[in-house]
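**Q** First the structure, then my questions, so here it is.
Residue numbers (the numbering used here), protein chains in the order written: chain A, 452 to 614; chain B, 62 to 291.
As structure tokens, this is what we get:
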């Protein structure tokens, strides 16, 4: 199949995703990832900690773990779709960062993403493909934040390349 | 219960299509911002803008007639600061919430590591929140300005329509025009910037920021980007 031989135009891919997202907006709500990841965190923590998780107020008040939370399945679907795409296009292969500095950057980056999502209640997907197209005030705040953050991150990244 | 299963199934099907299309197009939200700032290349930025234009018109059209399920929670200082931290994190990790899942699906261990630490970051924040109770939990949000909670309240295209009596889609059209203006400015910059060589560098920088599987060999900093990306 041609789809698995050539790289698709990102403009075409994102245009298709945007149209599907409009249907999703009608059915369950706009595309989001951070909420599902938070619920997965809660479910994993519940598996590890058992009932003692309920002693942490966040998991009682703000995000009680619930495997029926639909946003989880968007992330699982993305993983599934990517595996299918990578396998059928023969692009699947296990590979990992080589340098210690890369592992450090990825670790710090991952932590900051997790903290940032929970602090803001939104991730980059909700920012660009949910809040801002809904003209939510939060979308403009979030875009200002992510642009400033990306600029600082790029500066750090550039310095690390030069160093 | 059936409703829950239907919602989860819908979400899974949508996610699967997204995962497939993002994997096949090598689209990356991080590259949309980072490459524009660092390399002045806009392969992914243009895709981001096109998606936002379509969504703005679609969402505001449905909001105009009272349809759709918009996000509904108060926003404030935490929204800006949270995404500021997220923006730094995604550039350092070389992946955002979408590309961590997609790259993980391609067998990228760095992306799986980033995902693991995103979960750990969320759990650490849940501990902190359990002491501060800030930002306010959705169940305690009022929708109004709240200085003590550093919250501006809630406002979107629907509230704009309600207050001004002008259909939300009109505001959506204005926002779409602004986004289109940005898109045109990028096209002009690309044309002025020199054609073939710039475009080739753009493609290779963006693609190699995505995966090491690409056969295109970038130059200079773009090569380092590829090596450092998850």
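Quick reminder that beta carbons are idealized off the backbone N, C-alpha and C, glycines included.
In three-state terms, what does DSSP make of residue 587 (chain A)?
**A** As a position in the first chain, residue 587 (chain A) is number 136, starting the count at 1. In this structure, residue 587 (chain A) counts as coil in the three-state DSSP scheme.
**Q** Excluding the 5 residues flanking residue 125 (chain B) on each side, which residues of the same chain have their C-beta closer than 7 Å to its C-beta?
**A** Working through the second chain from its first residue, we reach residue 125 (chain B) at position 64. Hits under 7 Å: 222, 228, 229 and 230.
**Q** In terms of DSSP beta bridges, what is residue 497 (chain A) paired with?
**A** Position 46 of the first chain holds residue 497 (chain A). Answer is none; residue 497 (chain A) lacks a bridge partner.
**Q** Residues in the segment 579 to 591 of chain A with C-beta within 7 Å of chain B's C-beta atoms, listed in sequence order?
**A** Cβ contacts with chain B come from 579, 580, 581, 582, 583, 584, 585, 586, 587, 588 and 589.
**Q** Hey, residue 151 (chain B) and residue 560 (chain A): beta-carbon distance below 8 Å or not?
**A** Position 90 of the second chain holds residue 151 (chain B). Position 109 of the first chain holds residue 560 (chain A). Yes, they are a contact pair.
**Q** Could you check whether the segment 603 to 612 of chain A touches the segment 580 to 594 of chain A, counting it as contact only if at least three pairs of C-beta atoms, one from each stretch, sit closer than 8 Å?
**A** Not touching, per the Cβ criterion.
**Q** Can you check which of these residues, B:88, B:112 and B:93, is closest to residue 241 (chain B) by C-alpha distance?
**A** The sequence position of residue 241 (chain B) within the second chain is 180, counting from 1. Cα-wise, what sits closest to residue 241 (chain B) is B:112.
**Q** Just to make sure I have the definition right: I need the residues of chain B whose C-beta is within less than 7 Å of the C-beta of residue 459 (chain A). Which are they?
**A** Numbered from 1 along the first chain, position 8 holds the residue referred to as residue 459 (chain A). Under the 7 Å cutoff, chain B gives 82, 85 and 86.
**Q** Between which two residues does the alpha helix (DSSP H) holding residue 221 (chain B) run?
**A** For the purposes of this step, residue 221 (chain B) is identified with residue 160 of the second chain, where counting begins at 1. Taken as a continuous stretch (DSSP letters only), the alpha helix (DSSP H) holding residue 221 (chain B) covers 218 to 225.
**Q** Consult DSSP for residue 63 (chain B) and reduce its assignment to one of helix, strand or coil.
**A** For the purposes of this step, residue 63 (chain B) is taken as residue 2 along the second chain, with counting starting at 1. The answer is helix: DSSP assigns residue 63 (chain B) an H, G or I state.
**Q** For residue 208 (chain B), does the three-state DSSP call read helix, strand or coil?
**A** Start at 1 with the first residue of the second chain, and residue 208 (chain B) comes out as number 147. Three-state DSSP puts residue 208 (chain B) in coil, outside helix and strand.
**Q** Could you give the distance in angstroms between the alpha-carbon of residue 557 (chain A) and the alpha-carbon of residue 101 (chain B)?
**A** In the first chain, counting from the first residue as 1, residue 557 (chain A) sits at position 106. In the second chain, counting from the first residue as 1, residue 101 (chain B) sits at position 40. Roughly 23 Å separates the two Cα atoms.
**Q** Between the C-alpha atoms of residue 574 (chain A) and residue 456 (chain A), what's the straight-line distance to the nearest angstrom?
**A** The residue you call residue 574 (chain A) lines up with position 123 of the first chain. The residue you call residue 456 (chain A) lines up with position 5 of the first chain. Each residue's alpha carbon lies about 32 Å from the other.
**Q** Below 8 Å, how does it come out for the segment 532 to 539 of chain A and the segment 75 to 85 of chain B: are there three or more Cβ pairs, yes or no?
**A** As far as the Cβ criterion goes, the segment 532 to 539 of chain A touches the segment 75 to 85 of chain B, which means the pair count is three or higher.
**Q** Could you spell out where the alpha helix (DSSP H) holding residue 96 (chain B) opens and where it closes?
**A** Counting from one through the second chain, the residue named residue 96 (chain B) turns up at place 35. First-last of the alpha helix (DSSP H) with residue 96 (chain B): 90 to 99.
**Q** Hey, would you say the C-beta of residue 182 (chain B) is under 7 Å away from at least one heavy atom of the ligand ZN?
**A** Of ligands this structure carries none, so the ligand ZN is not represented either.
**Q** Contact criterion: CB-CB distance below 8 Å. Does residue 289 (chain B) meet it with respect to chain A?
**A** Numbered from 1 along the second chain, position 228 holds the residue referred to as residue 289 (chain B). For residue 289 (chain B), the pLDDT reaches just 41, beneath the cut-off of 50, and the residue's location in the model is therefore unreliable, leaving the point undetermined.
**Q** Do residue 109 (chain B) and residue 90 (chain B) come within 8 Å of each other at the CB atom, strictly closer than that value?
**A** Against the second chain, residue 90 (chain B) aligns to sequence position 29. Against the second chain, residue 109 (chain B) aligns to sequence position 48. Their beta carbons are under 8 Å apart, which means residue 90 (chain B) touches residue 109 (chain B) by this criterion.
**Q** Count the other CB atoms, across all protein chains shown, that sit within 10 Å of the CB of residue 154 (chain B); report buried if there are 16 or more and exposed otherwise.
**A** Within the second chain, numbered from 1, the residue matching residue 154 (chain B) stands at position 93. Its Cβ being crowded by 16 or more others within 10 Å, residue 154 (chain B) is buried.
**Q** When we look at the beta-carbon of residue 66 (chain B) and count the other beta-carbons within 10 Å, is it buried (16 or more) or exposed?
**A** Counted from its first residue, the second chain places residue 66 (chain B) at position 5. It is exposed - the Cβ of residue 66 (chain B) has fewer than 16 other Cβ atoms within 10 Å.
**Q** Taking the straight line between their C-alpha atoms, what separation do you get for residue 166 (chain B) and residue 537 (chain A)?
**A** Residue mapping note: residue 166 (chain B) aligns to position 105 of the second chain, counting from 1. Residue mapping note: residue 537 (chain A) aligns to position 86 of the first chain, counting from 1. Approximately 7 Å between the Cα atoms of the pair.
**Q** Leaving aside the five residues before and after residue 583 (chain A) along the sequence, list all residues of the same chain whose C-beta is less than 8 Å from its C-beta, in chain order.
**A** For the purposes of this step, residue 583 (chain A) is taken as the residue at position 132 of the first chain. The residues are 590, 591, 593 and 594.
**Q** Mind checking if residue 378 (chain B) is an interface residue toward chain A, Cβ cutoff 8 Å exclusive?
**A** One cannot answer for residue 378 (chain B) here, as it falls past the ends of chain B, which runs 62 to 291.
**Q** Could you pull the DSSP bridge partners for residue 136 (chain B) from this structure?
**A** The sequence position of residue 136 (chain B) within the second chain is 75, counting from 1. Residue 136 (chain B) pairs with B:214.
**Q** Candidates A:505, A:528, A:490 and A:487: which alpha carbon is nearest residue 71 (chain B)'s?
**A** For the purposes of this step, residue 71 (chain B) is taken as residue 10 along the second chain, with counting starting at 1. When each option's Cα is compared against that of residue 71 (chain B), the closest is A:528.
**Q** Examine chain B for any beta-carbon lying closer than 8 Å to the beta-carbon of residue 452 (chain A), and answer yes or no.
**A** Walking along the first chain from the start, residue 452 (chain A) turns up at place 1. By this cut-off, residue 452 (chain A) is not an interface position.
**Q** Considering just the uninterrupted stretch of the alpha helix (DSSP H) at residue 164 (chain B), what are its terminal residues?
**A** The residue labelled residue 164 (chain B) in the question sits at position 103 within the second chain. Here the alpha helix (DSSP H) through residue 164 (chain B) covers 158 to 166.
**Q** Going by the beta-carbon positions, is the gap between residue 183 (chain B) and residue 489 (chain A) smaller than 8 Å?
**A** The sequence position of residue 183 (chain B) within the second chain is 122, counting from 1. The sequence position of residue 489 (chain A) within the first chain is 38, counting from 1. Yes; because the gap between Cβ atoms is below 8 Å, this pair is in contact.
**Q** Would you verify that the beta carbon of residue 551 (chain A) is, or is not, closer than 8 Å to some beta carbon of chain B?
**A** Taking the first residue of the first chain as 1, we reach residue 551 (chain A) at position 100. No - not a single Cβ of chain B is within 8 Å of the one on residue 551 (chain A).
**Q** Could you tell me the boundaries of the alpha helix (DSSP H) in which residue 111 (chain B) lies?
**A** Residue 111 (chain B) sits at position 50 when you count from the first residue of the second chain. 104 to 125 is the extent of the alpha helix (DSSP H) around residue 111 (chain B).
**Q** Below 8 Å between beta carbons is the criterion; list the residues of the segment 194 to 213 of chain B that meet it against any residue of chain A, in chain order.
**A** Correct list: 194, 196, 198, 199, 200 and 213.
**Q** How big is the Cα-Cα spacing for residue 521 (chain A) and residue 613 (chain A)?
**A** If you number the first chain from 1, residue 521 (chain A) lands on position 70. If you number the first chain from 1, residue 613 (chain A) lands on position 162. Answer to the nearest angstrom: the Cα atoms are 44 Å apart.
**Q** Where do the N-terminal and C-terminal ends of the alpha helix (DSSP H) with residue 472 (chain A) fall, by residue?
**A** The count along the first chain starts at 1 and reaches residue 472 (chain A) at position 21. It spans 461 to 478 - the alpha helix (DSSP H) in which residue 472 (chain A) sits, taken as one unbroken run.
**Q** Helix, strand or coil, according to DSSP, for residue 511 (chain A) in the structure here?
**A** Position 60 of the first chain holds residue 511 (chain A). Here residue 511 (chain A) sits in helix by DSSP.
**Q** Look at the alpha carbon of residue 577 (chain A) and the alpha carbon of residue 137 (chain B), and state the distance between them as a whole number of angstroms.
**A** The residue given as residue 577 (chain A) occupies position 126 in the first chain. The residue given as residue 137 (chain B) occupies position 76 in the second chain. Their Cα atoms are separated by approximately 16 Å.
**Q** Pull out every residue of the segment 559 to 572 of chain A whose Cβ sits closer than 8 Å to any Cβ of chain B, in chain order.
**A** Against chain B - using a Cβ distance shorter than 8 Å - the residues of the segment 559 to 572 of chain A are 559, 560, 561, 562, 563, 564, 565, 566, 567, 568, 569, 570, 571 and 572.
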